[in-house]
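Chemist: Take a look at this one; I'll ask things after.
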């Protein structure tokens, strides 16, 4: 008996005994007085069984027959094995002329204990986050590997950043793989366009967050650093921006949805433009970004933007910066090559031995250096190759070789070699002396 029916039985019994009135029973059962009177009359005539629903135990006319259920299970284990419920419904309609909904098929297979490989996990409940009130307060950054050029070119990774408040694309860059250079180009585009966000929302890729964040050098600890930074993290810190790690793709859903949109629109437009190389694809992006933002960008809640100010020494920040120690000869080593530091006047800079020099590798591949707050260019320095003496003999005299009967050949470990010949000679000498 269901809880609702048990409650009705209790109320009706009190009504039949006269403990409560029809009006009180109607309020307890949330029914009209006329309905309560009908129930009271039915219980008097048929007993408490009158309260049970009349369809109980009766099979519905539209229910799937046992024979059909058995057929579905057999096909799911044989011909239609590893098919989705939707696909199986289409196949049943096409070949067996059975019209069964995918939900019914899923229910039949579940009752038979058959799991489908296409079953999806129930979506986890998540709290929605409002957009940032101002443009420039937060940017979501990520990369998407995809066959962007289709069959016309290689598979590429699209690096990008999107504003959280407006949905504007702040920068895009194609690279063969997800890499630091791709994100550096995106950051450079944002800085050059004056759209440098104050916060960056990204996943925990090692490009953004160091896996050895607790392993600090003594110099870093003395400088007040609390965790090791990657090259990208160092750039954001010098620009005045902060990083926020993301622990699920849903948390950065804005840029995830952007990839889905671009995988249709951008691919179609590049196909129309017949783009087939990496360079052509990157040259195509600025015009596409402008059209996309006009079409899809929305207004922020507050119209005043909140982007970061752009520093003057931008090329000294958005670069790969590495430390080197100066040698006693005022040189440094980088990439297997020795360099000297040249000032603006072309003079060679004198470096204190073991002093720190920061080598900067820029986006165009050029190198420069920072030493004691000053910028220097690098000049490759090659050590002179020693010249062989001119009086050296081209054909040196061969090493002398001792003769076969040389006494040196008759010695072994500074002792004479005892042979049969030596014993015979000794006996002859003894006979002559006798």
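Numbering (this note's numbering), first residue to last: 254 to 687.
The C-beta atom is built at its ideal place from N, Cα and C for all residues, glycine as well.
1. Taking the CB atoms as reference points, tell me whether residue 526 and residue 402 lie closer together than 8 Å.
2. If you follow the beta strand (DSSP E) that residue 412 is part of, which residue opens it and which one closes it?
3. Please classify residue 600: is it buried, with 16 or more other beta-carbons within 10 angstroms of its beta-carbon, or exposed?
4. Does the separation of the CB atoms of residue 440 and residue 427 fall below 8 Å?
5. Grouping DSSP H, G and I as helix and E and B as strand, with all else coil, what is residue 601?
6. Where do the N-terminal and C-terminal ends of the alpha helix (DSSP H) with residue 549 fall, by residue?
7. Terminal residues of the continuous alpha helix (DSSP H) containing residue 521?
8. Considering Cα atoms alone, identify which of 617, 523, 536, 629 is closest to residue 611.
9. I need the straight-line Cα distance from residue 313 to residue 380, nearest angstrom please.
10. Given a cut-off of 8 Å on the beta-carbon distance, is the pair residue 311 and residue 338 in contact?
11. Rounded to the nearest angstrom, how far is the Cβ of residue 614 from that of residue 571, given a contact under 8 Å?
12. So residue 549 and residue 522 are in contact, right, with Cβ under 8 Å, and what is the actual spacing, rounded?
13. Please name the residue in 604, 278, 594, 414 whose C-alpha comes closest to that of residue 391.
14. Out of 393, 577, 404, 352, state which residue places its alpha-carbon closest to the alpha-carbon of residue 418.
15. From the DSSP output, read off the bridge partner residues of residue 620.
16. Go ahead and pull the three-state DSSP assignment for residue 387.
17. With DSSP as the reference, identify every bridge partner of residue 345, one or two as the case may be.
18. Should residue 306 go down as buried or exposed, given a rule of 16 or more other Cβ atoms within 10 Å for buried?
19. Closest to residue 397 by C-alpha separation, out of 578, 510, 557, 546, would be which residue?
20. Quick one: Cα of residue 405 to Cα of residue 520, how far?
21. Taking the alpha helix (DSSP H) that residue 327 belongs to, which residues open and close that run?
Modeler: Quick answer:
1. Your numbering for residue 526 matches position 273 in the chain shown. Your numbering for residue 402 matches position 149 in the chain shown. No, they are not a contact pair.
2. As a working mapping, residue 412 is identified with position 159 in the chain shown. For residue 412, the uninterrupted beta strand (DSSP E) segment begins and ends at 409 to 416.
3. What you label residue 600 is simply residue 347 of the chain shown in a count that begins at 1. It counts as exposed.
4. The sequence position of residue 440 within the chain shown is 187, counting from 1. The sequence position of residue 427 within the chain shown is 174, counting from 1. For residue 440 and residue 427, no; Cβs fall outside 8 Å.
5. Counted from its first residue, the chain shown places residue 601 at position 348. Three-state result, residue 601: strand.
6. Taking the chain shown and counting its residues from 1, one reaches residue 549 at position 296. Its alpha helix (DSSP H) spans residues 531 to 549.
7. Here residue 521 refers to the residue found at position 268 when the chain shown is read from its first residue. For residue 521, the enclosing alpha helix (DSSP H) covers residues 506 to 525.
8. For the purposes of this step, residue 611 is identified with residue 358 of the chain shown, where counting begins at 1. That would be 629, whose Cα lies nearest to the Cα of residue 611.
9. Here residue 313 corresponds to residue number 60 of the chain shown, with the count starting at 1. Here residue 380 corresponds to residue number 127 of the chain shown, with the count starting at 1. When rounded, the distance between both Cα atoms is 41 Å.
10. Working through the chain shown from its first residue, we reach residue 311 at position 58. Working through the chain shown from its first residue, we reach residue 338 at position 85. No. Outside cutoff.
11. Translated into the one-based positions of the chain shown, residue 614 becomes position 361. Translated into the one-based positions of the chain shown, residue 571 becomes position 318. A Cβ-Cβ distance of about 11 Å is found for the pair residue 614 and residue 571, leaving them out of contact under the 8 Å criterion.
12. To locate residue 549, count along the chain shown from 1; it is residue 296. To locate residue 522, count along the chain shown from 1; it is residue 269. Contact doesn't hold; Cβ gap of about 14 Å is too wide.
13. Against the chain shown, residue 391 aligns to sequence position 138. Nearest of 604, 278, 594, 414 to residue 391, Cα basis: 414.
14. Here residue 418 corresponds to residue number 165 of the chain shown, with the count starting at 1. Nearest option by C-alpha distance: 393.
15. The residue you call residue 620 lines up with position 367 of the chain shown. DSSP, once it has assigned bridges, lists 614 as partnering residue 620.
16. Translated into positions along the chain shown, residue 387 becomes position 134. Residue 387 falls in the strand class under three-state DSSP.
17. On the chain shown, position 92 is the one that residue 345 refers to. According to DSSP, residue 345 bridges with nothing at all.
18. Position 53 of the chain shown, counted from the first residue, corresponds to residue 306. Counting other Cβ atoms within 10 Å of its Cβ, residue 306 stays below 16 and is therefore classed as exposed.
19. Taking the chain shown and counting its residues from 1, the one referred to as residue 397 is at position 144. For residue 397, the nearest C-alpha among the options comes from 510.
20. Counting from one through the chain shown, the residue named residue 405 turns up at place 152. Counting from one through the chain shown, the residue named residue 520 turns up at place 267. Approximately 11 Å, taken between the alpha carbons.
21. Numbered from 1 along the chain shown, position 74 holds the residue referred to as residue 327. Residue 327 -> alpha helix (DSSP H) spans 319 to 330.
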